[in-house]
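Participant:
There are 2 protein chains.
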Amino acid sequence: MTMIARLFATVSLLSLPAAGIAQVASAADDGKQIERTFDAQISSADQLAWLRDMSSAPNHVGSPHNRANAEMQLALFKEWGWDARIETFQVLYPTPISTTLELVAPERTTLGGQEPAVAEDPSSANLQGALPPYVAYQGDGDVTAPVVYVNYGMPDDYDALAARGISVKGKIVLARYGGGWRGLKPKLAQEHGAAGCLIYSDPADDGYGERDPFPRGGGRPAGGVQRGSVQDMTQYPGDPLTPGVGATAGAKRLTRATAPTILKIPALPISYGDATKIMSRLEGPVIEGRARGGLALAYHWGGTDAVKVHLAVKSDWSLKTLYDVIAVMPGKTRPEEWVVRGNHHDGWVFGASDPLTGQVALMSEAKAIGALAKTGWRPDRTIVYASWDGEEPGLLGSTEWVEAHAAELARKAVLYINTDGNGRGFLYAEGSHDLQHFVNAAARDVTDPQTSVSVLDRAQANVRASGYGDTSRRDDDAIALAAARAGGDMPIGALGSGSDYSAFLQHLGIPSLDIGFGGEGGGGGSYHSIYDSFYHVTKFDDPGLVYGAVLSKMVGRLVLRAADGPRVPARYGDFATTVSRYVGEVKKLAADQREKDRALRDLTREDVFKLASNPDDPTIAPANRGVTPLIDMLALEDAADRLGRSAHDADAAVERMATLTPAAQARMLALLRSIDQLLIDPAGLPGRPWFRNLVYAPGTLTGYGAKTLPGVREAIEQRRFADATTYVTRTAAVLNAYADRLDAAAVAAK
Amino acid sequence: MTMIARLFATVSLLSLPAAGIAQVASAADDGKQIERTFDAQISSADQLAWLRDMSSAPNHVGSPHNRANAEMQLALFKEWGWDARIETFQVLYPTPISTTLELVAPERTTLGGQEPAVAEDPSSANLQGALPPYVAYQGDGDVTAPVVYVNYGMPDDYDALAARGISVKGKIVLARYGGGWRGLKPKLAQEHGAAGCLIYSDPADDGYGERDPFPRGGGRPAGGVQRGSVQDMTQYPGDPLTPGVGATAGAKRLTRATAPTILKIPALPISYGDATKIMSRLEGPVIEGRARGGLALAYHWGGTDAVKVHLAVKSDWSLKTLYDVIAVMPGKTRPEEWVVRGNHHDGWVFGASDPLTGQVALMSEAKAIGALAKTGWRPDRTIVYASWDGEEPGLLGSTEWVEAHAAELARKAVLYINTDGNGRGFLYAEGSHDLQHFVNAAARDVTDPQTSVSVLDRAQANVRASGYGDTSRRDDDAIALAAARAGGDMPIGALGSGSDYSAFLQHLGIPSLDIGFGGEGGGGGSYHSIYDSFYHVTKFDDPGLVYGAVLSKMVGRLVLRAADGPRVPARYGDFATTVSRYVGEVKKLAADQREKDRALRDLTREDVFKLASNPDDPTIAPANRGVTPLIDMLALEDAADRLGRSAHDADAAVERMATLTPAAQARMLALLRSIDQLLIDPAGLPGRPWFRNLVYAPGTLTGYGAKTLPGVREAIEQRRFADATTYVTRTAAVLNAYADRLDAAAVAAK
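Chains A and B are the protein sequences, given in the same order.
Just so we're aligned: 683 in our numbering is position 683 of the first sequence, and the numbers increase by one with no gaps anywhere.
Here our numbering = 1-based position in the second sequence + 1000.
The structure is reproduced here in structure tokens:
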């Protein structure tokens, strides 16, 4: 469900000496011939053939073609020499029986329904078995009510409405996509008392604001609709009925009514063509600035009885079967250490770009590794290739598999590498920061087909070219720019959610990476619509699947390098530097929030908002939420400082590893192997115990976007100040445990 | 021709002790009764009646109703007790004989022509004698050529085109309004070899991006067109044929062919309805980000033969007569010192908002001062009320009058106060910074009718409310915000151009102010269109002309306070602080530009732009223009420092004035009276000798927007580095002359 290509995001520069390089370099030397052989097996033609076949019919969970795709992959994995199987799970996956949307006032007009066919795109007219636009895990219902436009439907939008005295209670909110994850929009609407929720794709964010609408270009057309999940994955992903355990046939299940991740109000996604018919009729003050989108009209908040909509959704709430394809290549020297590599195979309709561009790259890798194995080569570690089902509705296939195999994974998994939809453009990478240098080293060795420099060089050029003349840079951008300018490693971003790494990283603490290319081409204009087709991918997103092959080469290197040699080449200094930056951010957050609270109190006391209010758009002061107290973060600051010193020593010890006795080496490797799992606190995050990683989490109010040091950061943002203090201690504890382990490893190496 | 209400702009805070307050306060005490009497005469009902009459027919230069308005005012001034006359000038003022615009490829469609009537607005259907949409002083011609979209048509837009290898040579550029003054668009197009120029009002900047289109709201509708002047006023304003001298009947004249301020290529303004018909057909790379506007389509640069337009303009280039109405109220004790107050009376069509909302406020003031005079009161100084003709085509009436009376004005004028179109909302003020406290003191004494606090308090509340939560503040905003928070004087902005103060301030150095209200209501959506009507003004811009009365009270105070007492209460510390800030800005500009040049050289050397280029929108590196050299600004820095000290001493001396002998007082006042004229350098600015003020000028590449310390600042920006050095010296010289005069005044007071 990856939405857009992100560039290398935002993390600290490396400031420590290049420990780990020795391993990577030597692995690269040993592996050079292997990687050349691997590369020779990567074929865009293969990928095109698989893509055409797998995207030839709707392949959502429960569809015949979804199962056929799983079985086809099973057969291929076996043919390529893998030990492959299909694992099934029984999950609650609602599909619409009927969806109804009508404007009923000021006049009656039918809206909604399936997206229109486009002559150039043959599959768009071949929708047998396709689901209509809907959002999975909305609440079913039948309501008629006035409409309130809520912009992105995020908390600050509700503040803007409150300042105008506009309530959404009993009304249907109309939110635009963007500004936060889809599922938060109906959730926040429900919390504010709304009776229903519509979500549309505004052309400023996803349409002619960026590119020509399909079919002239790859952008979203007026009739295009973004499907998706609105399951409350900020509590836990996976099957709503089986939190924390695999959804096997005999698993104990919640009921639909008691499952907390299913919404209670009906919701539907709509096109901007339909949204225009509603928006053009809304009344109330005109919206200026960032709360308006790109429709050709003045935006109004609405909320009056002048505009009413009838919204009804009825779903089939039966259990459906997931088909996860799992393929294993046993390791020869360390078979109990697993490198896991995954992508999902289910789509919303044809799923050509999302997920199949990533899926066919994974298949190319598996074919090439199989070919290596046929020459007699075997990896040191066991390689597990996984083709997940049910990612779209809520990371179902990966989450249930991880939950079902949690104990074994905690013992064995040393790395999870994820991909999802892929496109033409620039490398992006997010993940555990001790793997930052590992990713950069691979990116130096993969050639960009458009420029013939490495994909790392091209990513750096992009950051540098975008940075020229940009004077309004954020801190994160400045760090990336400085790294690009120096020609060193690029910072990788932190993982939030939105694809299948979540259960690995955030539930178990397995170090994880998410890799892809993008930023050029179609740019997501077909995302979760019927236009996400073979035609669209090969015309706009990645013609010839040239970047499909590049992705295979990039990820293949990561898999092969992680699977061979004494250890996955982590560099702890990168992690320590990054954590130190996060601690600084959290301190600044608390100080800035306090200052803002203080300013608001002052402005309110002096009636400033009232005096400045425009009678055409009367506003009152924002609600007074008190002043953020001083929060003592000493324990966290100390832990970050200590982590830096311990990481420095451990990285130095790793560099000396070749000089150690085999017993000392083994002690050290055993201590470091599962170090990332120490970031897990069994109690989890406040209010959402499934999320147990105290460094990386998706935000409860971002959904996909990462919140680092989430126990502390979100407690401050959400004004749970007691939690903030508690999680300063807990977070410091996991960081200290990590540092203890580093120290032990450094001692073991002596 | 004021386009939009600006809030209190951006200048340094006052940090000097409140010299001058004594005078203002005592004047206010003496004048309290006078001001009460004055206020009692201000009547919105009067203003409504005059507005209805004066906007009842087209009143552009040369129209019968324009002359009738002048004669009506003459009669009123006389009736109110003023010594009034009409002064006429003969100016070149082209009016269209025919305007033609057609799309000729890919299909033939007629575009352009008069704007459509709107049922709610009676005058929009009553266009007898109205001019069609056109821009005055374009070059006439008949061309058919491909169209290139050039965004705002400013220099950085041509850089973006050059990076894509797109030339405008021989083509017709299509520019949107905004980003710089209208007249620069065809001028820069001509310099780049274009054959013609179209300018349209993009709805993002002027339309549904801000408010509901007329008649639902006050915003510009799809058929609305902004007329205006494209005379090259950055060289000199006024009659193009008589630069520097009054356009009297016998004046020596240039020919049309030799007048440098008349363009050579044809140009027309068009509606966004028409622009859409062109834009939707353009080819080439899609434009993302800030270079696109708010039309409901993907923007393309175009430039291919696929889209061609036929553009033809033919004008009547005969001389027309201007009617300036000049009314004098002789001073009783200092008749040789003049306080001049002006607004213009010509419009583009009905001119209800621009200029008549300001004009009727001026008339209210004149009536009230006349009433005061009938009670036997007389000002100390002579008050001159001026109702200018021909401002719209190029500040014609004020410029010719100033040029014709230059010697007398240099001797006598101590202040010029300008207004133009006015609206509901917040006070804004721009002008000579030694008058900053004078303006603030008056603003403390005028009540805002919507909130019952002073208009200063409301302006401060607006700055403070807008500043809440805004983390991306520019330095200027931060200064205004700090001032507002402290409750002290608000910084006033520097004057560029765009209304009738130009000749006073920038040609003669007479200290000047421009005052108005705005920021609420219609917001300029009728600007220079047929919809700038009595209906529009009273429905949207200033219902009941409530703020017309507020403007009269604000400006009336300034006039009465300036006309009475020993001196116009200037405070030199405010000027010195502001100049010091400007010097800092200019130093930073040079340093930043050098850094940016250096970065570009580095990026180009390493092929970064090529590597980052997206094949869908291939771009090359920006042109290498060399590296900005180090520029020695020591003389300017020293002059600013010295000015600060001299101002401090002079302000202190002024505060002691009441304790001096009459002879010492007289010496001091005589020295200070014309001090602002010392900022004039007879040689003027590089390449435009008419502009002689070395502190305040309109920018050659902003048109309206001010460039302070323009000789130095623009030389750096435009990479004329020899000029920069020369004007460091010249600017330091005028500042030192000003400081010398302050020192002499301080000595005189001893």
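Just so you know, even glycine gets a beta-carbon here, dropped at the ideal spot from N, CA and C.
Does any residue of chain A have a CB that is nearer than 8 Å to the CB of B:THR1538?
Facilitator: As a working note, residue 1538 of chain B is residue 538 in the second sequence. It does not; no Cβ of chain A falls within 8 Å.
Participant: Would DSSP call A:ILE369 helix, strand or coil?
Facilitator: Position 369 of the first sequence, counted from the first residue, corresponds to residue 369 of chain A. Residue state, collapsed to three classes: helix.
Participant: Taking a cut of 9 Å between CB atoms, which residues from the stretch 1294-1306 of chain B lie near chain A?
Facilitator: GLY1294, LEU1295, ALA1296, LEU1297, ALA1298, TYR1299 and HIS1300
Participant: Along the stretch 208-219 of chain A, where does the CB come closer than 9 Å to a CB of chain B? Name the residues.
Facilitator: TYR208, GLY209, GLU210, ARG211, ASP212, PRO213, ARG216, GLY217 and GLY219
Participant: Interface residues of chain B around A:PHE752 at Cβ under 7 Å?
Facilitator: With chain A represented from 1 up to 750, any question about residue 752 of chain A goes unanswered, as that position is not in the structure.
Participant: Among residues of its own chain, excluding the 5 on either side of A:ALA410, which ones have a beta-carbon nearer than 7 Å to its beta-carbon?
Facilitator: Numbered from 1 along the first sequence, position 410 holds the residue referred to as residue 410 of chain A. Cβ neighbours of A:ALA410 beyond the five flanking positions: LEU508 and GLN677.
Participant: Which residues, in order along the stretch 1229-1258 of chain B, keep a beta-carbon less than 9 Å from a beta-carbon of chain A?
Facilitator: The residues in question: there are none.
Participant: Which chain B residues are close to A:LEU600, counting only those with a beta carbon under 9 Å from its beta carbon?
Facilitator: Along the first sequence, one-based indexing puts residue 600 of chain A at 600. What A:LEU600 touches in chain B: TYR1468 and GLY1469.
Participant: Which residues in the same chain as A:VAL147 place their Cβ atom closer than 6 Å to its Cβ, once the five residues preceding and following it in sequence are excluded?
Facilitator: Here residue 147 of chain A refers to the residue found at position 147 of the first sequence. Within the same chain, ILE172, LEU174, ILE278, GLY302, VAL307 and VAL309 come within 6 Å of A:VAL147 by CB-CB distance, once the 5 residues on both sides are set aside.
Participant: Excluding five sequence neighbours on each side, which residues of the same chain lie with their C-beta closer than 6 Å to the C-beta of A:HIS345?
Facilitator: In the first sequence, counting from the first residue as 1, residue 345 of chain A sits at position 345. The answer, listed in chain order, is ASN69, GLN359 and SER387.
Participant: If you measure between the beta carbons of A:GLY228 and A:ARG182, is that distance less than 8 Å?
Facilitator: Taking the first sequence and counting its residues from 1, the one referred to as residue 228 of chain A is at position 228. Taking the first sequence and counting its residues from 1, the one referred to as residue 182 of chain A is at position 182. Yes, the Cβ-Cβ distance between A:GLY228 and A:ARG182 is below 8 Å.
Participant: Beta-carbon of A:ALA27 versus every beta-carbon of chain B: anything under 8 Å?
Facilitator: Along the first sequence, one-based indexing puts residue 27 of chain A at 27. Its pLDDT being 47, under 50, A:ALA27 is placed unreliably in this model, and the value from its coordinates should be taken loosely. No - not a single Cβ of chain B is within 8 Å of the one on A:ALA27.
Participant: Provide the residue span of the beta strand (DSSP E) that contains A:HIS344, from first to last.
Facilitator: By one-based count along the first sequence, residue 344 of chain A stands at place 344. Where A:HIS344 is concerned, the enclosing beta strand (DSSP E) stretches over 334-344.
Participant: For A:ARG719, which of A:LEU611, A:ALA591 and A:TYR738 has the nearest alpha-carbon?
Facilitator: Mapped onto the first sequence, residue 719 of chain A falls at position 719. It is A:ALA591.
Participant: In chain order, what residues of the same chain lie with their CB nearer than 6 Å to the CB of A:ASP743, ignoring the 5 residues before and after it?
Facilitator: Position 743 of the first sequence, counted from the first residue, corresponds to residue 743 of chain A. Only SER646 meet the Cβ criterion.
Participant: Below 9 Å on C-beta distance, what does A:LEU545 contact in chain B?
Facilitator: For the purposes of this step, residue 545 of chain A is taken as residue 545 along the first sequence, with counting starting at 1. What A:LEU545 touches in chain B: nothing, since even the nearest Cβ is about 16 Å away.
Participant: Between the Cα of B:ALA1634 and those of B:ASN1126, B:ASP1324, B:TYR1704 and B:TYR1727, spot the shortest distance and give me the residue it belongs to.
Facilitator: In the second sequence, the residue the question calls residue 1634 of chain B occupies position 634. Looking at the sequence shown, residue 1634 of chain B is not Ala but Leu. If we check each option's Cα against that of B:LEU1634, B:TYR1727 comes out closest.
Participant: Got a sec: which bits of the stretch 79-97 of chain A sit with their beta carbon under 8 Å from any beta carbon on chain B, in order along the chain?
Facilitator: none
Participant: Taking 8 Å as the CB-CB limit, is B:THR1628 close to chain A?
Facilitator: Working through the second sequence from its first residue, we reach residue 1628 of chain B at position 628. Closer than 8 Å: no.
Participant: If we call anything under 8 Å between Cβ atoms a contact, is A:LEU694 one with A:VAL734?
Facilitator: As a first step, residue 694 of chain A must be located in the first sequence, where it is residue number 694. As a first step, residue 734 of chain A must be located in the first sequence, where it is residue number 734. Closer than 8 Å, so yes.
Participant: Is the stretch 394-408 of chain A touching the stretch 314-325 of chain A, taking contact as three or more C-beta pairs under 8 Å?
Facilitator: yes
Participant: With a cut-off of 8 Å, does the C-beta of B:PHE1008 fall near any C-beta of chain A?
Facilitator: As a working note, residue 1008 of chain B is residue 8 in the second sequence. Low confidence applies here, because B:PHE1008 scores a pLDDT of 40, under 50, leaving its location unreliable; read the following figure in that light. No, B:PHE1008 lies away from the interface with chain A (no Cβ there is under 8 Å from its Cβ).
Participant: What is the DSSP secondary structure of B:TYR1137, counted as helix, strand or coil?
Facilitator: Start at 1 with the first residue of the second sequence, and residue 1137 of chain B comes out as number 137. Here B:TYR1137 sits in coil by DSSP.
Participant: Three-state secondary structure (DSSP) at B:MET1154?
Facilitator: Here residue 1154 of chain B is taken as the residue at index 154 of the second sequence, counted from 1. Of the three classes helix, strand and coil, the one that applies to B:MET1154 here is coil, per DSSP.
Participant: May I ask you to report which of helix, strand or coil DSSP gives A:LYS277?
Facilitator: Against the first sequence, residue 277 of chain A aligns to sequence position 277. Looking at A:LYS277 - three-state DSSP - the assignment turns out to be helix.
Participant: Apart from the five residues on each side of it in sequence, which residues of its chain come closer than 7 Å, Cβ to Cβ, to B:ALA1683?
Facilitator: For the purposes of this step, residue 1683 of chain B is taken as residue 683 along the second sequence, with counting starting at 1. Hits under 7 Å: PRO1689.
Participant: Between the C-alpha atoms of B:SER1674 and B:LEU1435, what's the straight-line distance to the nearest angstrom?
Facilitator: For the purposes of this step, residue 1674 of chain B is taken as the residue at position 674 of the second sequence. For the purposes of this step, residue 1435 of chain B is taken as the residue at position 435 of the second sequence. The alpha-carbon atoms of B:SER1674 and B:LEU1435 are separated by roughly 14 Å.
Participant: Here's a check: name, in chain order, each residue in its chain whose Cβ is nearer than 8 Å to the Cβ of B:LEU1013, leaving out the five neighbours to either side.
Facilitator: Residue 1013 of chain B sits at position 13 when you count from the first residue of the second sequence. For B:LEU1013, the predicted model reports a pLDDT of 26, less than 50, meaning its position is unreliable; a value from the coordinates is still stated below. Once the five neighbours on either side are set aside, the close Cβ partners of B:LEU1013 are ILE1479, ALA1482, ALA1483, ALA1486, GLY1488, ASP1489, PRO1491 and THR1577.
Participant: Under the three-state reduction of DSSP, which class applies to A:PHE89: helix, strand or coil?
Facilitator: Reading the first sequence from its first residue, position 89 is the one you call residue 89 of chain A. Three-state result, A:PHE89: strand.
Participant: Answer with buried or exposed for B:SER1452, where buried requires no fewer than 16 other C-beta atoms within 10 angstroms of its C-beta.
Facilitator: The count along the second sequence starts at 1 and reaches residue 1452 of chain B at position 452. Exposed is the call here.
Participant: Leaving out the 5 sequence neighbours to the left and right, which residues in its chain are closer than 7 Å to B:GLN1190 when beta-carbon positions are compared?
Facilitator: Working through the second sequence from its first residue, we reach residue 1190 of chain B at position 190. Closer than 7 Å at the Cβ level, and outside the excluded window around B:GLN1190, lie LEU1263, LYS1264 and ILE1265.
Participant: Secondary structure at B:TYR1236, three-state DSSP: helix, strand or coil?
Facilitator: As a working mapping, residue 1236 of chain B is identified with position 236 in the second sequence. In the structure shown, B:TYR1236 sits in coil (DSSP, three-state: anything other than H, G, I, E or B).
Participant: Closer than 7 Å by C-beta to B:GLY1223: which residues in its own chain qualify, once you throw out the five before and the five after it? Chain order, please.
Facilitator: For this step, residue 1223 of chain B is matched to residue 223 along the second sequence. Closer than 7 Å at the Cβ level, and outside the excluded window around B:GLY1223, lie GLU1115, PRO1116, SER1271 and GLY1273.
Participant: Does chain B have any CB closer than 8 Å to the CB of A:ARG458?
Facilitator: Position 458 of the first sequence holds residue 458 of chain A. Taking 8 Å as the CB threshold, A:ARG458 lines the interface with chain B.
Participant: Where does the unbroken beta strand (DSSP E) through B:TRP1050 begin, and where does it stop?
Facilitator: Counting from one through the second sequence, the residue named residue 1050 of chain B turns up at place 50. Element bounds for B:TRP1050: not the beta strand (DSSP E) but the alpha helix (DSSP H), 1044-1054.
Participant: Return helix, strand or coil for B:GLU1430, following the three-state DSSP convention.
Facilitator: Counted from its first residue, the second sequence places residue 1430 of chain B at position 430. Strand at B:GLU1430.
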